[in-house]
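As structure tokens, the structure follows; a few thoughts come after it.
2 protein chains.
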Amino acid sequence: MALIVQKYGGSSVGTIDRIRNVGRRLMETQSAGNQVVAVVSAMSGVTDKLIGMARQVMDNPPEREMDMLVSTGEQQSVALLCMAIADMGGKAVSFTGGQAGICTYGSHTRGRIESISPQRIIDALRSGYIVVCAGFQGMTPDGEIHTLGRGGSDLSAIALAAAVKADLCQIYTDVDGVYTCDPRVVKDARKITVLSYEEMLEMASSGSKVMQARSVELAKKFGVIFEVRNSMNNNPGTIVQEENPAMESLAVRGVSIERNQARVTVSSITAPVAYTAIILTALADAEINIDMIVANTAHDGKARQSFTMNMNELGAAQAALKKVLPQLGPEARLDTEAGLAKLSVVGVGMRSNSGVAATVFRALADAGIHTGMIATSEIRISTTVEASDIEKAARVVHAAFHLEKEA
Amino acid sequence: MALIVQKYGGSSVGTIDRIRNVGRRLMETQSAGNQVVAVVSAMSGVTDKLIGMARQVMDNPPEREMDMLVSTGEQQSVALLCMAIADMGGKAVSFTGGQAGICTYGSHTRGRIESISPQRIIDALRSGYIVVCAGFQGMTPDGEIHTLGRGGSDLSAIALAAAVKADLCQIYTDVDGVYTCDPRVVKDARKITVLSYEEMLEMASSGSKVMQARSVELAKKFGVIFEVRNSMNNNPGTIVQEENPAMESLAVRGVSIERNQARVTVSSITAPVAYTAIILTALADAEINIDMIVANTAHDGKARQSFTMNMNELGAAQAALKKVLPQLGPEARLDTEAGLAKLSVVGVGMRSNSGVAATVFRALADAGIHTGMIATSEIRISTTVEASDIEKAARVVHAAFHLEKEA
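Residue numbers (our numbering), protein chains in the order written: chain A, 118 to 524; chain B, 118 to 524.
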């Protein structure tokens, strides 16, 4: 007998029929001899509708009251799911985040999980119940309701899986798993069977939108093995787990693409002091998330720094940097470039396989694709390309590593 | 400075504009130098919509899950009301029933209030907040959510008013107060300024639908003075409080009418044993609420019992009594009469004013109205009349006691 946590997102419980479908899956999993904990998001559209009501009342509602309001979405879906299970003759009990023992701290609308007291869940499992927990929410020791921000239901599922020492955590979504590249771009992209946490993290941060990085980090921290799979079929998904030696045989696991990138360059910097700190502080104060950073010094001794970011943040970045430009020297200038995209190749095998970068840039050059900024981690190589080149770039790099073939 | 609890029903918060209106009232009450606790129902229609969703899932959903689902309605309205207050520059904090310290016991969907721990409310009031509590709900010591059944928000308001030792509890509704009779029936009916708890109880149980009897009973138990008033205007309402000698000067305070009544008569009872127990047990087992009971013995020694009840329960009552008829004697028979109504006159002055019953039945007789069963309490006289006579009956009795005149 295994203990399995299954997480279902908003589209998986988006209608009464889909809620029934999820209930059936949970009962099948239980009938197969497992203890089952479900973590469920609000029905798709409900959270947006609640936010819309709040915006009708005021532009910028108090975050505490937003949490009170929005947390009702999951409370409704867990209750309806338990009813669906009861209707099919099963035994289920629903818990809010607070009832599930998810203890949070931090700010409203972006609470963080402090700890989980799973005794109530464990008792219900022992009594034969399917336990249905509201995702995306928790409660402080003072009894304040918190929501957990974007990707919060995944986070709830991973954290609960850690707390109840689940054998497996299944993240149900509307795709079959993690692919070697976006199948809409690369036709012969293949579902990846197994990934390490690090690879999943690099893919999450480089454009594969299946899961937020913080959920993967939590899984890694507590060694929670999880599987990304499709709630609409029974296909096996992608298992994400601790790295093992077998994974290194493959240099590259997948190719991620991220569109809507922009670059800002500050050049002719002559300030003798810590200009990097000035620039990064200005961007951080404006709450701009920068991605790649490239810094160098030209032959004339003047420094130059470039950053990439999402296109939406370009205007704010320009404004923030204009203010500090005078501190960077009398000639310091600002240039921007929009219309970029980012291509990344990811794989733990990169550590022990030399020549990965050479293969990437050879493939791109042979296809006549111009590359811009380059950034690397131990298991990832990223480069910017023109937005119009990104699909072609993904296809040639995917082909260069033969990712269409079963590993 | 007074501490005032204000309760707003679903229609008072039925739209975003109405929520703003309630917010404005709360802020005005606070600005006048008071501490303010609001108790709020779900926006009108929301509870029914949630029940409808549950019924889409299954006919008879588990009551625990119904409470999880339905309690979200009030949680949403309290959050939205706090946002409206924030938008107008005020300071408000919302609490679920559990957060407000409303501790419940009993069954799901009809929980009962065990106690209230108001410390969190008191702290928030001291910090200058308007406290907005979800009505109709509470939490068990185990953290289970309960709803309180029909009239539950009134009950929450009265109980909270008792717990925080409020100076006044205002029950806002869509009428100006309690009237000497239904103004749709008696054109010159007058709003009653002051009523005793007992009078309010008798009026509630004899057809005046302003409040459920159990809320009035709770107010009486804890001496909570409350006022029934209209959320759409600033007219003074009806104050309900402890009886005082001045109230006795008036023999009759008001006339209540209740339509849709039916009578069941069991006659020719010859069973020598406790036939009343057999009959009442059969009705109680079928969960039929009976109202008036008349029992007597005919000149031939055969017993006869009649009961009134809501017309909707007539079929179930017949079925229940048919089963036990053989136990009541070989000739025992069952007769039913539908199409009745009930008229009641209520007033604590009745205790010390003789002749009230004579005035009632003289007025009805003079108008040619035939009366049927009669029941009395210390401060109430009720009689059944034909349904088609009830409006005329109300008018002649109202006039006989000169209730159209200011007391």
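Backbone N, C-alpha and C fix where the C-beta goes; we use that ideal spot for every residue, glycine too.
**Report entry** Any non-hydrogen atom of the ligand SAM within 6 angstroms of Thr414 of chain A CB
**Finding:** Inclusion of the ligand SAM in the displayed structure is not the case, the ligand content being empty and no account of it being possible.
Query raised in the report: For Ile133 of chain B, which residues in chain A fall below 8 angstroms Cβ to Cβ?
Result: Indexing the second sequence from 1 puts residue 133 of chain B at position 16. Going along chain A in sequence order, the residues near Ile133 of chain B (Cβ under 8 angstroms) are Met170, Gln173 and Val174.
Query raised in the report: Going by Cα to Cα distance, which pick from A:Glu261, A:Met490, A:Val513 and A:Leu451 is closest to Leu481 of chain A?
Result: The count along the first sequence starts at 1 and reaches residue 481 of chain A at position 364. Among A:Glu261, A:Met490, A:Val513 and A:Leu451, the Cα nearest to that of Leu481 of chain A is on A:Val513.
Query raised in the report: If you measure from the beta carbon of Gly269 of chain B to each beta carbon in chain C, is any gap under 7 angstroms?
Result: Protein chains A and B are contained in the structure displayed, whereas chain C is not.
Query raised in the report: DSSP puts Leu312 of chain A in a beta bridge; with which residues?
Result: Here residue 312 of chain A corresponds to residue number 195 of the first sequence, with the count starting at 1. Its beta-bridge partners are A:Val357.
Requested in this report: Report the option in B:Cys250, B:Ile238, B:Val249 and B:Glu231 whose CA atom is closest to the CA atom of Thr257 of chain B.
Outcome: Taking the second sequence and counting its residues from 1, one reaches residue 257 of chain B at position 140. For Thr257 of chain B, the closest C-alpha among the options B:Cys250, B:Ile238, B:Val249 and B:Glu231 is that of B:Glu231.
Query raised in the report: By DSSP, does Asp271 of chain A sit in helix, in strand, or in coil?
Result: In the first sequence, the residue the question calls residue 271 of chain A occupies position 154. Collapsing the DSSP output to three states places Asp271 of chain A in a helix.
Report task. Verify the CB distance criterion: does Gly266 of chain A have a CB-CB separation below 7 angstroms to chain B? Result -> In the first sequence, residue 266 of chain A corresponds to position 149, counting from 1. Chain B contact via Cβ: absent.
**Report entry** Proximal residues of chain B, C-beta to C-beta of Met200 of chain A below 7 angstroms
**Finding:** Within the first sequence, residue 200 of chain A is the residue found at index 83, counting from 1. Here the neighbours are Ala171, Val174, Met175, Pro178, Pro179 and Glu182.
Query raised in the report: In whole angstroms, what separates the C-alpha of Val381 of chain A from that of Asn138 of chain B?
Result: Walking along the first sequence from the start, residue 381 of chain A turns up at place 264. Walking along the second sequence from the start, residue 138 of chain B turns up at place 21. Cα to Cα, the separation comes out at about 49 angstroms.
Query - Endpoints, beta strand (DSSP E) assigned at Ala474 of chain B - result: Start at 1 with the first residue of the second sequence, and residue 474 of chain B comes out as number 357. For Ala474 of chain B, there is no enclosing beta strand (DSSP E); the residue is found in the alpha helix (DSSP H) stretching over Val473 to Asp483.
Query raised in the report: Assuming Ala458 of chain A and Glu521 of chain A make a contact with CB atoms under 8 angstroms, what is their CB distance in whole Å?
Result: Residue numbering aside, residue 458 of chain A sits at position 341 when the first sequence is read from its first letter. Residue numbering aside, residue 521 of chain A sits at position 404 when the first sequence is read from its first letter. That belief does not hold up - the Cβ atoms of Ala458 of chain A and Glu521 of chain A are roughly 21 angstroms apart, past 8 angstroms.
Query raised in the report: Going by C-alpha distance, which of B:Ser499, B:Asn470 and B:Ile133 is nearest Leu367 of chain B?
Result: Taking the first residue of the second sequence as position 1, residue 367 of chain B is located at position 250. The shortest C-alpha separation from Leu367 of chain B is found at B:Asn470.
Requested in this report: Verify the CB distance criterion: does Asp165 of chain B have a CB-CB separation below 7 angstroms to chain A?
Outcome: As a position in the second sequence, residue 165 of chain B is number 48, starting the count at 1. Under the Cβ criterion of 7 angstroms, Asp165 of chain B is not counted among the residues facing chain A.
Query raised in the report: Does DSSP put His515 of chain A in a helix, a strand or coil?
Result: One-based indexing of the first sequence puts residue 515 of chain A at position 398. Judged by DSSP in its simplified three-state form, His515 of chain A adopts helix.
**Report entry** Within 7 angstroms, strictly: CB atoms of Ser461 of chain B and Lys419 of chain B
**Finding:** Against the second sequence, residue 461 of chain B aligns to sequence position 344. Against the second sequence, residue 419 of chain B aligns to sequence position 302. Against a cut-off of 7 angstroms, the Cβ pair of Lys419 of chain B and Ser461 of chain B comes out as no contact.
Query - Closer than 7 angstroms at the beta carbon, the chain B residues around Gly228 of chain A - result: Reading the first sequence from its first residue, position 111 is the one you call residue 228 of chain A. Neighbours of Gly228 of chain A across chain B, judged by C-beta separation under 7 angstroms, do not exist; the nearest C-beta is about 16 angstroms away.
**Report entry** Neighbour-count burial assignment, Pro178 of chain B, 16 or more Cβ in a 10 Å radius
**Finding:** Position 61 of the second sequence, counted from the first residue, corresponds to residue 178 of chain B. Around the C-beta of Pro178 of chain B, 16 or more other C-beta atoms lie within 10 Å, and the residue is accordingly described as buried.
Query raised in the report: Is it buried or exposed for Gly310 of chain A, if we count other Cβ within 10 angstroms and need 16 for buried?
Result: The residue you call residue 310 of chain A lines up with position 193 of the first sequence. According to the sequence provided, residue 310 of chain A is Thr. The question's Gly does not apply to it. The residue is exposed, with fewer than 16 neighbouring Cβ atoms inside 10 Å.
Requested in this report: Assign Cys298 of chain A to one of three DSSP states: helix, strand, or coil.
Outcome: Residue mapping note: residue 298 of chain A aligns to position 181 of the first sequence, counting from 1. Looking at Cys298 of chain A - three-state DSSP - the assignment turns out to be coil, as it is neither helix nor strand.
Query raised in the report: Which word fits Gln236 of chain A, buried or exposed, when buried means at least 16 other C-beta atoms lie within 10 angstroms of its C-beta?
Result: Taking the first residue of the first sequence as position 1, residue 236 of chain A is located at position 119. When all chains shown are included, Gln236 of chain A counts as exposed.
Query - Supposed contact pair Met160 of chain A and Ser188 of chain A - C-beta distance, whole angstroms, cut 8 angstroms - result: As a first step, residue 188 of chain A must be located in the first sequence, where it is residue number 71. As a first step, residue 160 of chain A must be located in the first sequence, where it is residue number 43. With a Cβ gap of about 14 angstroms, Ser188 of chain A and Met160 of chain A do not count as contacting.
Requested in this report: Show which residues of chain A have a CB atom less than 7 angstroms away from the CB atom of Asp204 of chain B.
Outcome: Here residue 204 of chain B corresponds to residue number 87 of the second sequence, with the count starting at 1. Within chain A, the residues near Asp204 of chain B are Val174 and Met175.
Query raised in the report: Ordered along the chain, which non-local residues of its own chain (more than five positions away) have a Cβ less than 8 angstroms from that of Gly268 of chain A?
Result: Start at 1 with the first residue of the first sequence, and residue 268 of chain A comes out as number 151. Excluding positions up to five away in sequence, the list reads Met328, Gln329, Arg331 and Ser332.
Query - C-beta atoms of Gln358 of chain A and Gln123 of chain A nearer than 7 angstroms - result: Within the first sequence, residue 358 of chain A is the residue found at index 241, counting from 1. Within the first sequence, residue 123 of chain A is the residue found at index 6, counting from 1. Result no, Cβ atoms of Gln358 of chain A and Gln123 of chain A do not sit closer than 7 angstroms.
Query - Own chain, CB closer than 7 angstroms to Ile233 of chain A, minus 5 neighbours either side, in chain order - result: Residue numbering aside, residue 233 of chain A sits at position 116 when the first sequence is read from its first letter. Contacts found: Gly218, Ile219, Cys220, Ala276, Leu277 and Ala280.
**Report entry** Range covered by the alpha helix (DSSP H) that runs through Lys439 of chain B
**Finding:** Working through the second sequence from its first residue, we reach residue 439 of chain B at position 322. Leu431 to Val441 is the span of the alpha helix (DSSP H), which, as asked, contains Lys439 of chain B.
Query raised in the report: Out of A:Met364, A:Thr146, A:Asp134 and A:Ser499, which has the shortest C-alpha to C-alpha gap to Asn351 of chain A?
Result: Counting from one through the first sequence, the residue named residue 351 of chain A turns up at place 234. Nearest of A:Met364, A:Thr146, A:Asp134 and A:Ser499 to Asn351 of chain A, Cα basis: A:Thr146.
**Report entry** Where Lys337 of chain B falls, given that 16 or more other Cβ within 10 Å makes a residue buried
**Finding:** Numbered from 1 along the second sequence, position 220 holds the residue referred to as residue 337 of chain B. With a threshold of 16 other beta carbon atoms within 10 Å, Lys337 of chain B meets it and is buried.
Query raised in the report: How is Asp240 of chain A classed by DSSP in three states: helix, strand or coil?
Result: For the purposes of this step, residue 240 of chain A is taken as residue 123 along the first sequence, with counting starting at 1. Of the three classes helix, strand and coil, the one that applies to Asp240 of chain A here is helix, per DSSP.
**Report entry** Host alpha helix (DSSP H) of Leu167 of chain B (start-end)
**Finding:** If you number the second sequence from 1, residue 167 of chain B lands on position 50. Following the DSSP letters along the chain, one finds Leu167 of chain B inside the alpha helix (DSSP H) bounded by residues Val163 to Val174.
Query raised in the report: Out of curiosity, what's the CA-to-CA distance linking Glu495 of chain A and Glu316 of chain A?
Result: As a first step, residue 495 of chain A must be located in the first sequence, where it is residue number 378. As a first step, residue 316 of chain A must be located in the first sequence, where it is residue number 199. Looking at the two C-alpha atoms, the distance is approximately 10 angstroms.
Query - Bounding residues of the alpha helix (DSSP H) (the contiguous stretch that carries Glu231 of chain A) - result: Taking the first residue of the first sequence as position 1, residue 231 of chain A is located at position 114. From DSSP, Glu231 of chain A is part of no alpha helix (DSSP H) but of the beta strand (DSSP E) over Arg227 to Ile233.
**Report entry** Neighbourhood of Met364 of chain A by C-beta, 6 angstroms cutoff - its chain only, sequence neighbours within 5 removed
**Finding:** Working through the first sequence from its first residue, we reach residue 364 of chain A at position 247. Cβ within range, chain order: Ser313 and Val465.
Query raised in the report: Considering Leu451 of chain B, what are the terminal residues of the beta strand (DSSP E) in which it resides?
Result: Indexing the second sequence from 1 puts residue 451 of chain B at position 334. Run containing Leu451 of chain B: Arg450 to Val463, per the beta strand (DSSP E) assignment.
Query - Distance between beta carbons of Leu445 of chain B and Gln435 of chain B, contact taken as under 8 angstroms - result: For the purposes of this step, residue 435 of chain B is taken as residue 318 along the second sequence, with counting starting at 1. For the purposes of this step, residue 445 of chain B is taken as residue 328 along the second sequence, with counting starting at 1. Going by Cβ atoms, the distance from Gln435 of chain B to Leu445 of chain B rounds to 14 angstroms, so no, they are not a contact pair.
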